[in-house]
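**Q** Before I ask anything, here is the structure I am working with.
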Amino acid sequence: MEELVIRDADVVDGSGGDSYRADVVVDRGRIVSIVKEAAAAGCQRPKARRELDAEGLVLSPGFIDMHAHSDLALLRDPDHSAKAAQGVTLEVIGQDGLSYAPVDDRTLGEVRRAIAGWNGPGDDVDFDWRTVGEYLDRLDGGIAVNAAYLIPQGTVRALAVGWDDREAKPAELEHMRRLVAEGLEQGAVGLSSGLTYTPGMYAKDAELTELCRVVAQYGGYYCPHHRSYGAGALEAYEEMVELTREADCPLHLAHATMNFGVNKGRAPELLTLLDDALAGGADITLDTYPYTPGCTTLVALLPSWASEGGPERILERLADDDTAERIRHHMEEIGSDGSHGVPMEWETIEISGTGDPALAEYIGRTVLESARLRGQSPWQVARHLLLADRLAPTILQHVGHEENVRAIMRHRVHTGGSDGILQGAKPHPRAYGTFPHYLGHYVRELGVLPLEECVAHLTSRPAARLRLPDRGLVREGYRADLVLFDPATVAAGSTFEEPRVLPTGIPYVLVDGRFVMEDGRRTDVLAGRSVRRTPR
Numbered sequence: 182m183e184e185l186v187i188r189d190a191d192v193v194d195g196s197g198g199d200s201y202r203a204d205v206v207v208d209r210g211r212i213v214s215i216v217k218e219a220a221a222a223g224c225q226r227p228k229a230r231r232e233l234d235a236e237g238l239v240l241s242p243g244f245i246d247m248h249a250h251s252d253l254a255l256l257r258d259p260d261h262s263a264k265a266a267q268g269v270t271l272e273v274i275g276q277d278g279l280s281y282a283p284v285d286d287r288t289l290g291e292v293r294r295a296i297a298g299w300n301g302p303g304d305d306v307d308f309d310w311r312t313v314g315e316y317l318d319r320l321d322g323g324i325a326v327n328a329a330y331l332i333p334q335g336t337v338r339a340l341a342v343g344w345d346d347r348e349a350k351p352a353e354l355e356h357m358r359r360l361v362a363e364g365l366e367q368g369a370v371g372l373s374s375g376l377t378y379t380p381g382m383y384a385k386d387a388e389l390t391e392l393c394r395v396v397a398q399y400g401g402y403y404c405p406h407h408r409s410y411g412a413g414a415l416e417a418y419e420e421m422v423e424l425t426r427e428a429d430c431p432l433h434l435a436h437a438t439m440n441f442g443v444n445k446g447r448a449p450e451l452l453t454l455l456d457d458a459l460a461g462g463a464d465i466t467l468d469t470y471p472y473t474p475g476c477t478t479l480v481a482l483l484p485s486w487a488s489e490g491g492p493e494r495i496l497e498r499l500a501d502d503d504t505a506e507r508i509r510h511h512m513e514e515i516g517s518d519g520s521h522g523v524p525m526e527w528e529t530i531e532i533s534g535t536g537d538p539a540l541a542e543y544i545g546r547t548v549l550e551s552a553r554l555r556g557q558s559p560w561q562v563a564r565h566l567l568l569a570d571r572l573a574p575t576i577l578q579h580v581g582h583e584e585n586v587r588a589i590m591r592h593r594v595h596t597g598g599s600d601g602i603l604q605g606a607k608p609h610p611r612a613y614g615t616f617p618h619y620l621g622h623y624v625r626e627l628g629v630l631p632l633e634e635c636v637a638h639l640t641s642r643p644a645a646r647l648r649l650p651d652r653g654l655v656r657e658g659y660r661a662d663l664v665l666f667d668p669a670t671v672a673a674g675s676t677f678e679e680p681r682v683l684p685t686g687i688p689y690v691l692v693d694g695r696f697v698m699e700d701g702r703r704t705d706v707l708a709g710r711s712v713r714r715t716p717r
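Numbering (the numbering used here) for the sequence shown: 182 to 717.
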């Protein structure tokens with residue numbers, strides 16, 4: 182007898198088609214049968230050792246978070262309710278060009294310091310891996326949800342070239358090509374870049390194109406955080422489209438937003454650019470989060486020249502009064518490349534977390550507010566935080582536009598990605614709320630997307646981008662990564678004031694046919710594993 186039958190569910194199968202009522206049978210991690218309208222037809226109903234009454238609930242494929250920063254959280258936090266409670270059954274990590282494999286001892290230490298604001302310092306993690314394959318093997322020891330990995334181009338460059346702003350030498354470029362190929366052979370699904378973060382931003386297009394050629398040979402995709410989301414955003418998007426066209430490599434645009442005042446109302450221009458490329462045969466997808474503010478680290482706003490050489494050199498420059506004044510001038514009067522070419526608007530920069538608890542008084546306030554309270558300039562506050570917290574502060578950037586968010590999420594190649602940073606006392610609520618916020622706010626309350634279409638954005642579309650042949654749909658033979666939610670009550674619990682509140686209306690989540698959420702509570706099941714690139 183099979184393990185589980187989910188009775189009388191309203192199945193939204195991920196295809197975008199109409200929902201239907203069915204009994205769905207699960208056994209040994211797979212969907213083994215789907216009996217439509219079983220009760221109404223009066224037919225013999227399937228039986229199993231366990232029966233779950235799903236009356237009033239929608240059954241859908243598990244949600245795929247196409248942009249996650251859980252690289253260490255998956256290892257240090259077996260509970261991981263931040264994602265499991267949202268119905269996420271697969272996360273794509275290794276984002277924005279910086280993560281923890283492939284590395285050597287030097288590079289690992291540098292990367293840990295550089296992205297402590299994203300993932301914490303990692304003092305509670307045993308870094309017993311160096312290659313992509315070894316990291317994926319660690320994930321296979323048992324994690325809360327599944328995870329796929331993108332090779333981080335910035336980390337690859339740090340390993341082969343270092344943190345200097347210069348072109349790679351031919352031997353260094355060949356080293357990077359080998360590192361990317363090895364990572365793909367070991368199971369990575371593609372390559373990510375952070376082209377406003379050092380050292381990845383120092384790569385010219387020709388270098389990136391060569392790496393993308395390798396990615397294309399292995400059937401992966403390129404996922405860039407491109408060179409600007411502010412002034413020059415459209416040009417930056419076009420640069421990525423042309424680069425991947427030259428490399429004949431699929432493109433997935435990370436957190437594809439149009440932010441800052443210069444881009445208010447300009448989402449249609451981005452979508453026209455993408456439509457033209459798609460009509461010409463380009464293979465393009467994108468992800469977004471359903472909120473207007475962004476989230477990153479405070480140090481990321483510095484000009485690239487101030488970040489050359491890595492974290493220790495940044496701290497040296499900040500400590501020098503003359504150099505710090507040059508940094509301020511670039512940020513406040515010119516608009517640094519780190520702040521997307523837009524002169525700093527400190528009233529939009531809210532401190533969301535610090536590594537040092539002694540600096541907690543700054544959290545929840547904008548840099549401008551803290552400056553006024555102390556009788557200081559905003560730059561004095563920002564500089565003090567960077568030095569005192571050794572580059573660890575995280576920030577919210579209140580620079581987005583609602584009309585852009587809605588327009589982009591409607592596009593046919595759109596997928597969902599939380600960009601969720603789980604660090605800090607007051608993280609962005611998207612880390613805990615992205616997927617229920619899509620379903621509750623944008624589907625039920627605003628009607629921006631029909632439910633069936635939204636579920637497709639969160640399930641089958643990302644599965645197709647990842648080339649997963651047995652995930653993303655409710656189909657016989659597919660993996661039983663499933664979510665049961667109440668369409669009348671599903672909602673994000675997280676807010677900007679209380680960002681770590683779990684969602685409501687998602688009582689059941691299954692990974693590999695096992696309940697990781699049951700009756701709205703996290704179980705002790707660790708059914709997640711690495712999801713590795715499917716060979717061509």
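Backbone N, C-alpha and C fix where the C-beta goes; we use that ideal spot for every residue, glycine too.
(1) Just the C-alpha distance for Y543 and D456, rounded to the nearest angstrom, thanks.
(2) Report all residues from its chain with a CB closer than 6 Å to the CB of D189; omit the five preceding and five following residues, and keep chain order.
(3) Express the C-alpha separation of A460 and L451 in angstroms, rounding to a whole number.
(4) Starting from S485 and walking both ways along the alpha helix (DSSP H), at which residues does that stretch end?
(5) Which of the three DSSP states is assigned to G686 in this structure?
(6) Determine whether the beta carbon atoms of A463 and L483 lie at a separation below 8 Å.
(7) Would the segment 347-357 and the segment 287-303 be scored as touching if the rule is three or more Cβ pairs under 8 Å?
(8) Less than 8 Å between the beta carbons of E489 and W344, yes or no?
(9) Looking at C-beta atoms only, is the number of pairs between the segment 651-664 and the segment 237-245 that lie closer than 8 Å three or more?
(10) Alpha carbon to alpha carbon, how far is R660 from V186?
(11) If you pair each beta-carbon of the segment 426-446 with each one of the segment 384-403, do three or more pairs fall below 8 Å?
(12) Measure the C-alpha to C-alpha separation of E678 and K445 and round it to an integer number of angstroms.
(13) Spatial neighbours of K607 within its chain, please: CB distance less than 7 Å, with the 5 preceding and 5 following residues excluded, ordered by chain position.
(14) For the segment 608-618 against the segment 325-336, are there 3 or more C-beta pairs whose distance is under 8 Å?
(15) Note down the Cα distance separating F696 from D662, rounded to an integer number of angstroms.
(16) Less than 8 Å between the beta carbons of Y418 and L434, yes or no?
(17) Taking all protein chains shown into account, decide if A541 is buried (16 or more other Cβ within 10 angstroms of its Cβ) or exposed.
(18) Can you check the segment 311-363 for any alpha helix (DSSP H) of at least 4 residues that lies completely inside it and give the ranges in chain order?
(19) Which residue or residues does DSSP assign as beta-bridge partners of D468?
(20) Does L630 come out as helix, strand or coil in the three-state DSSP assignment?
(21) Shortest alpha-carbon distance to L340 belongs to which of I215, V326, H510 and M357?
(22) In terms of DSSP beta bridges, what is C476 paired with?
(23) Tell me, which residues are paired with S373 by DSSP?
(24) Sort G368, L632, M590 and Y330 by Cα distance to P449 and report the nearest one.
(25) With DSSP run on the structure shown, which of helix, strand or coil describes A500?
(26) I'd like to confirm the pairing. Which residues does DSSP put opposite S711 in its beta bridges?
**A** On the basis of the data shown:
(1) Reading the sequence shown from its first residue, position 362 is the one you call residue 543. Reading the sequence shown from its first residue, position 275 is the one you call residue 456. So the two alpha carbons sit approximately 43 Å from each other.
(2) Here the question's residue 189 lines up with position 8 in the sequence shown. Within the same chain, D189 has close Cβ partners A235 and E236.
(3) Position 270 of the sequence shown, counted from the first residue, corresponds to residue 451. Position 279 of the sequence shown, counted from the first residue, corresponds to residue 460. Rounded to the nearest angstrom, the two C-alpha atoms are 14 Å apart.
(4) Taking the sequence shown and counting its residues from 1, one reaches residue 485 at position 304. Start and end: S485 to S488.
(5) Working through the sequence shown from its first residue, we reach residue 686 at position 505. Coil at G686, not helix or strand.
(6) The count along the sequence shown starts at 1 and reaches residue 463 at position 282. The count along the sequence shown starts at 1 and reaches residue 483 at position 302. Pairing A463 with L483 gives a Cβ-Cβ distance that is not under 8 Å.
(7) no
(8) In the sequence shown, residue 489 corresponds to position 308, counting from 1. In the sequence shown, residue 344 corresponds to position 163, counting from 1. For E489 and W344, yes; Cβs fall inside 8 Å.
(9) Three or more beta-carbon pairs drawn from the segment 651-664 and the segment 237-245 are found closer than 8 Å, and the two stretches are therefore classed as touching.
(10) As a working note, residue 660 is residue 479 in the sequence shown. As a working note, residue 186 is residue 5 in the sequence shown. Each residue's alpha carbon lies about 15 Å from the other.
(11) Yes, the segment 426-446 is in contact with the segment 384-403.
(12) Along the sequence shown, one-based indexing puts residue 678 at 497. Along the sequence shown, one-based indexing puts residue 445 at 264. Straight-line Cα distance between these residues: approximately 25 Å.
(13) On the sequence shown, residue 607 is found 426 positions in, with the first residue counted as 1. When the five nearest sequence neighbours on each side are left out, the beta carbons in the same chain lying within less than 7 Å of the beta carbon of K607 are those of S533, G534, I544, G545 and P680, in order along the chain.
(14) no
(15) Locating residue 696 in the sequence shown gives position 515, counting from the first residue. Locating residue 662 in the sequence shown gives position 481, counting from the first residue. Looking at the two C-alpha atoms, the distance is approximately 9 Å.
(16) As a first step, residue 418 must be located in the sequence shown, where it is residue number 237. As a first step, residue 434 must be located in the sequence shown, where it is residue number 253. Yes, the pair counts as a contact, with Cβ atoms nearer than the cut-off.
(17) Here residue 541 refers to the residue found at position 360 when the sequence shown is read from its first residue. With fewer than 16 other Cβ atoms within 10 Å, it is exposed.
(18) 313-320 and 334-341
(19) For the purposes of this step, residue 468 is taken as the residue at position 287 of the sequence shown. Beta-bridge pairing links D468 to T596.
(20) Reading the sequence shown from its first residue, position 449 is the one you call residue 630. Of the three classes helix, strand and coil, the one that applies to L630 here is coil, per DSSP.
(21) Translated into the one-based positions of the sequence shown, residue 340 becomes position 159. Checking every option, the nearest Cα to that of L340 belongs to M357.
(22) Taking the first residue of the sequence shown as 1, we reach residue 476 at position 295. Answer is L577, bridged to C476.
(23) On the sequence shown, residue 373 is found 192 positions in, with the first residue counted as 1. Looking at the DSSP assignment, S373 forms a beta bridge with P333 and C404.
(24) Taking the first residue of the sequence shown as position 1, residue 449 is located at position 268. With distances taken between Cα atoms, P449 lies closest to M590.
(25) Within the sequence shown, numbered from 1, the residue matching residue 500 stands at position 319. It is helical.
(26) Residue mapping note: residue 711 aligns to position 530 of the sequence shown, counting from 1. In the DSSP assignment, S711 forms a beta bridge with A328.
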